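Peer 1:
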Amino acid sequence: SFEFRFEEYGKSFVFTSDCEFNIDEIDKIDSYKEFFENADVCVFDTQYTFEESINKVDWGHSSASIAIDIAAMFNIKRLILFHHEPDYNDNKLDAVLSNAKLYLGMNPSRRGKLAIDIACEGMEIEI
């Protein structure tokens, strides 16, 4: 897996790819507190849907729902979903983003505090 955190001018950017997080392993997630905490932007490997992640344990990727849970735990401000399943088309990616926003809406403490986007080719991110 690859994880990077960059900080400059009081802003922080976190990038994590080929990583698998599981809410059942809360101790493992807690060990990443310093890495994730208060990131302005986090680009997160969300290759699978929640359902797919259950069937693909130990395949090295996460889902949008776990990314949102981690963002909520560590006060991340903007979450960008990336490393999409290669077989997904644009309609499926739109559904992934829509479902992620629905999941976020189920967590009242995060509504209005976390922005979610989906990565696309040529995307530029201003922090």
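For the sequence shown, position 72 matches number 212 in the numbering used here, and the numbering has no gaps at all. Note that the Cβ used here is the ideal one computed from N, Cα and C, for glycine as well. Predicted, not measured: the structure shown is a model, and the values here were computed from it.
1) For Cys260, is the classification buried or exposed, using 16 other Cβ atoms within 10 angstroms of its Cβ as the cut-off for buried?
2) Using a Cβ-Cβ cut-off of 6 Å (strictly less than) and excluding sequence neighbours within five positions of Lys151, which residues of its own chain qualify?
3) For Asp227, which residues from the same chain have a beta carbon less than 6 Å from its beta carbon, with the 5 sequence-adjacent residues on both sides left out?
4) Closer than 7 Å by C-beta to Lys173: which residues in its own chain qualify, once you throw out the five before and the five after it? Chain order, please.
5) Roughly how many angstroms separate the alpha carbons of Glu177 and Asp230, rounded to a whole number?
6) Please determine whether the Cβ atom of Leu221 lies at a distance below 7 Å from any heavy atom of the ligand GDP.
7) Pull up the distance between the alpha-carbon of Asp170 and that of Asp257, whole angstroms please.
8) I need the DSSP call for Glu174, collapsed to helix, strand or coil.
9) Drop a sphere of 10 angstroms on the beta-carbon of Ile208, count the other beta-carbons inside from all chains shown, and report buried for 16 or more, exposed for fewer.
Peer 2: Per the coordinate set shown:
1) Exposed, because fewer than 16 other Cβ atoms sit within 10 Å of the Cβ of Cys260.
2) Asp180 and Ile267
3) none
4) Phe214
5) Spanning the two alpha carbons is a distance of roughly 31 Å.
6) As far as ligands go, the structure on display features none, and thus does not contain the ligand GDP.
7) 24 Å
8) Helix, per DSSP.
9) Its Cβ being crowded by 16 or more others within 10 Å, Ile208 is buried.
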